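Participant:
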């Protein structure tokens with residue numbers, strides 16, 4: 121967190137990192153609308169299992185996606201650190217709000233553009249389309265997500281009417 | 030004067046566009062043979078006020094164009110020229126050009142100077158060609174007494190905001206100067222000391238003496254643009270004017286002074302130009318209305334929506350604490366509920382507008398299209414006062430345009446074909462709107478050739494939309510024309526035939542939660558009926574419970590709810606479940622199966638909610654009935670996407686989300702499963 125207080129150099133982007141099944145992910149902080157505790161949501165019928173349902177976020181209906189299930193990680197009990205990160209995504213020139221359920225939020229880190237490495241090519245076996253790049257923070261690898269792609273390449277892309 | 034006028038541009042554009050609409054409507058009503066003086070006056074007024082406004086704001090192209098137009102209109106108004114088909118067309122073209130110019134200026138884009146110049150030239154040509162001998166009915170012009178020159182005493186007392194609203198007295202005086210000999214005296218009595226002078230307020234007043242052959246209406250017109258910003262008194266001398274006491278009722282102006290014009294029906298009011306008088310002149314619809322930005326109303330709607338949620342939360346709380354709650358608080362809660370509901374209804378009504386807002390564009394469109402296609406079309410519009418929500422209103426415009434174009438292009442035949450078929454040469458096209466239950470029905474019907482089933486089927490085969498062996502019912506055949514890329518027009522015209530059309534219509538209507546029906550009789554015509562919900566914002570709902578979930582069923586689609594009794598269900602062919610209802614067998618849909626949620630009762634008992642959707646009935650099997658309530662519909666689409674069987678969501682009193690069922694969708698879905 122210490123670096124966040126410094127004046128940002130141009131080109132530096134800030135990412136909110138979070139834990140998910142032992143892995144560390146990051147989303148651009150400019151997309152984050154808020155973080156809130158996990159609460160029961162209203163299920164939507166006939167949607168993929170990773171769509172947990174919808175919640176009322178200050179009068180708007182916002183879908184909640186379980187990122188663990190989305191990435192095919194083993195399901196975990198929702199515990200006290202389980203949180204919903206509310207993000208804004210752009211999809212077909214339309215802005216949408218979406219909640220992502222993650223194990224826990226970690227920190228905010230600064231990323232220099234040159235530190236961001238492209239993801240290795242796993243062939244067709246691993247989906248990497250929505251990975252913006254990989255960076256090392258405190259000697260741990262953080263997977264930076266391109267959430268617009270995450271949405272267009274399968275997260276909501278598989279949803280009806282989308 | 031360095032006042033920033035741009036802040037008034039929005040109002041100017043809005044008013045000008047509205048004025049152009051009324052000008053267009055007046056032009057369309059204009060009879061070629063015997064033009065109605067009041068209509069010509071309306072047209073003239075519009076041109077005049079746009080000219081004044083655009084000159085004030087420095088839109089010189091528009092001002093110059095409208096000036097030419099005004100000259101032509103003045104000739105017509107003075108009956109020195111007859112309204113011919115050519116002139117009528119030219120005037121309509123001018124409306125288009127003015128609209129284009131205003132749009133271009135509004136969007137700060139370059140004008141199509143060539144087109145403007147062309148049309149302006151055509152107008153001037155018409156004026157130049159004006160017959161030198163006046164028309165017969167102007168023959169009495171010389172009879173006007175010339176001895177006593179009429180004099181007009183005009184007193185102009187601007188209000189302080191006069192300048193701020195973009196008025197320029199100099200321009201007005203110039204205009205007046207054109208009407209006769211003008212003497213101007215400024216009244217400096219109200220001028221404050223220099224130190225106290227506010228340069229943006231108007232401290233001056235003027236008295237003007239105008240002598241010349243002019244009538245009161247044309248003098249008033251000079252001050253049209255400044256309505257409400259100044260007090261104008263006009264007094265005539267040597268004019269057989271009616272007494273001011275007769276002012277209340279509109280009546281013809283004094284007998285023609287010099288111009289043999291048909292007397293304009295301006296109210297001869299010599300009192301100050303008050304707001305109410307301005308309305309009496311400009312039309313009936315505006316009685317005491319104010320202009321409000323849509324966003325403000327939407328904001329209000331949202332706030333009221335939240336208020337409703339808070340209120341039902343409190344009511345719920347009050348119910349659970351009933352014993353311990355003092356009676357006064359109970360009463361207060363009941364009062365709150367009533368007031369909030371009334372408030373919500375009032376706000377909803379604010380958003381309701383008559384459908385004439387959409388219908389009004391059709392006379393012009395129909396006229397142009399018919400002319401271009403060489404057809405004669407008579408347009409009948411009924412039920413245009415039917416009100417519906419603004420959001421719905423905005424979205425049905427395009428579908429209706431498609432249907433009307435479709436009717437004229439494909440439906441109605443050319444005059445010679447119609448005569449050969451023993452029909453009147455002029456085809457009739459009818460637009461009709463009415464309330465039907467909680468819905469509004471909009472009908473587009475024509476007495477044309479109707480749908481040609483053979484051609485549709487042949488086309489569908491050619492496009493592989495259906496197999497060569499398929500036989501279709503008439504309904505299924507008609508349904509084909511809503512398929513994407515379908516058109517039977519022999520040639521692709523710029524009107525229709527490019528295959529973009531009816532599928533879009535159907536999709537738009539469906540998105541609004543409506544449906545479209547089509548009936549046709551060969552040789553007799555076709556009829557499209559669009560059914561739409563009155564509003565998209567609120568629905569009366571019945572909460573039902575299935576397992577741990579609760580859903581909202583729109584009350585309007587519920588016919589009856591009844592307790593499921595042992596043995597009242599029977600199976601047909603071992604698959605579909607039905608139960609007897611009012612002497613009928615209604616298919617049963619187990620909601621927990623369709624939605625894949627666990628049921629608390631395992632279907633042994635429960636409640637059957639008999640519902641109707643898309644004209645089909647079904648029994649919805651749910652665990653329990655909860656309360657009835659009015660819910661504010663929130664879109665799932667916005668952040669998510671369309672979900673089959675769900676039309677939207679709402680927020681309940683406890684802040685949780687409940688889904689609103691889309692019954693036609695559920696019935697379709699259940700049928701698809703049963704057939705699978």
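Residue numbers (our numbering), protein chains in the order written: chain C, 121 to 282; chain P, 30 to 705.
Virtual Cβ for every residue (Gly too), placed ideally from N, Cα, C.
Bear in mind the structure is a predicted one, so any value in this text is a computation, not a measurement.
#1: Out of curiosity, what's the CA-to-CA distance linking residue 56/P and residue 637/P?
#2: Going along the chain, which residues of its own chain have a beta-carbon closer than 6 Å to the beta-carbon of residue 168/P, five neighbours each way excluded?
#3: Is residue 700/P near the ligand PLP - that is, is its Cβ less than 7 Å away from at least one heavy atom of it?
#4: Tell me the residue span of the alpha helix (DSSP H) that contains residue 140/P.
#5: With a cut-off of 8 Å on the beta carbons, I'd call residue 152/P and residue 98/P a contact; round off their distance for me.
#6: With the cut-off set at 8 Å, would you say residue 208/P and residue 230/P are in Cβ contact?
#7: Is there at least one Cβ from chain C nearer than 8 Å to residue 680/P's Cβ?
#8: Using Cβ-Cβ distances below 8 Å, what residues of the stretch 196–225 of chain C are close to chain P?
#9: Can the beta-carbon of residue 432/P be found closer than 8 Å to that of residue 473/P?
#10: Just list the residues that DSSP pairs residue 171/C with in beta bridges.
#11: Drop a sphere of 10 angstroms on the beta-carbon of residue 483/P, count the other beta-carbons inside from all chains shown, and report buried for 16 or more, exposed for fewer.
#12: Can you grab the Cα-Cα spacing for the pair residue 211/P / residue 222/P, in whole Å?
#13: By Cβ distance below 8 Å, which residues in the same chain neighbour residue 205/P in space, the five residues on each side in sequence not counted?
#14: Based on Cα-Cα distance, which residue from 115/P, 150/P, 87/P, 83/P lies nearest to residue 128/P?
#15: Compute the Euclidean distance between the alpha carbons of residue 154/C and residue 335/P, then round it to the nearest angstrom.
#16: Looking at the structure shown, is residue 626/P part of a helix, part of a strand, or coil, going by DSSP?
#17: Go to residue 182/P, then tell me how far its alpha helix (DSSP H) extends in each direction, as first and last residue.
#18: Go ahead and label residue 175/P buried or exposed: buried means 16 or more other beta carbons lie within 10 angstroms of its beta carbon, across all protein chains shown.
#19: According to the Cβ coordinates, are residue 260/C and residue 144/C closer than 8 Å?
#20: Taking residue 716/P and residue 692/P to be in contact with their CB atoms under 8 Å, please state how far apart those CB atoms are, rounded to whole angstroms.
#21: Does DSSP put residue 340/P in a helix, in a strand, or in coil?
#22: Alpha carbon to alpha carbon, how far is residue 148/C from residue 646/P? Give it in angstroms, no decimals.
#23: Rounded C-beta distance between residue 159/C and residue 172/C? I'm assuming under 8 Å.
#24: Buried or exposed: which applies to residue 134/P, given that a residue is buried once 16 or more other Cβ atoms fall within 10 Å of its Cβ?
#25: Would you say residue 625/P reaches chain C, if we count a Cβ-Cβ gap shorter than 8 Å as a contact?
#26: Do residue 626/P and residue 615/P come within 8 Å of each other at the CB atom, strictly closer than that value?
#27: Comparing the C-beta of residue 663/P with each C-beta of chain C, is any distance below 8 Å?
#28: Spell out the partners DSSP gives residue 383/P in its beta bridges.
#29: According to DSSP, residue 688/P sits in a beta bridge with which residue or residues?
#30: Considering only C-alpha positions, which residue in the set 380/P, 501/P, 495/P is nearest to residue 320/P?
#31: Mark residue 438/P as exposed unless 16 or more other C-beta atoms lie within 10 angstroms of its C-beta, in which case mark it buried.
#32: Going by C-alpha to C-alpha distance, which of 113/P, 81/P, 262/P sits closest to residue 203/P?
#33: So for residue 311/P, helix, strand or coil by DSSP?
#34: If contacts are defined as beta-carbon pairs under 8 Å, then residue 470/P and residue 463/P qualify, I think. What distance do you get, rounded to the angstrom?
#35: Pick helix, strand or coil for residue 176/C, following the three-state DSSP scheme.
#36: At 3 residues or longer, what runs of the beta strand (DSSP E) sit wholly inside the stretch 544–571 of chain P?
Facilitator: Taking the structure as given:
#1: 58 Å
#2: Because the pLDDT of residue 168/P is 41, which lies under 50, any placement of that residue in the model is unreliable, and the number read from its coordinates should be weighed accordingly. Nothing meets the Cβ criterion.
#3: This structure lacks the ligand PLP; in fact it carries no ligand of any kind.
#4: Counting along the chain, residue 140/P falls outside any alpha helix (DSSP H), and DSSP gives it neither H nor E.
#5: 6 Å
#6: no
#7: yes
#8: 216, 217, 218
#9: yes
#10: 185/C
#11: exposed
#12: 30 Å
#13: 183, 211, 237, 239, 248, 251
#14: 83/P
#15: 21 Å
#16: coil
#17: First-last for residue 182/P: 180–187, but that is the beta strand (DSSP E), not the alpha helix (DSSP H).
#18: Per-residue confidence for residue 175/P stands at a pLDDT of 43, beneath the threshold of 50, marking its modelled position as unreliable; the derived number appears in the next sentence. Answer is exposed; the Cβ neighbour count stays below 16.
#19: yes
#20: Outside the shown range of chain P (30 to 705) lies residue 716/P, about which nothing can therefore be said.
#21: helix
#22: 50 Å
#23: That belief does not hold up - the Cβ atoms of residue 159/C and residue 172/C are roughly 11 Å apart, past 8 Å.
#24: buried
#25: yes
#26: no
#27: yes
#28: 416/P
#29: 580/P, 678/P
#30: 380/P
#31: buried
#32: 81/P
#33: Low per-residue confidence applies at residue 311/P: pLDDT is 42, beneath 50, and the placement is therefore not dependable, though the value from the model is reported in the following sentence. Residue state, collapsed to three classes: helix.
#34: 6 Å
#35: strand
#36: 544–550, 554–562
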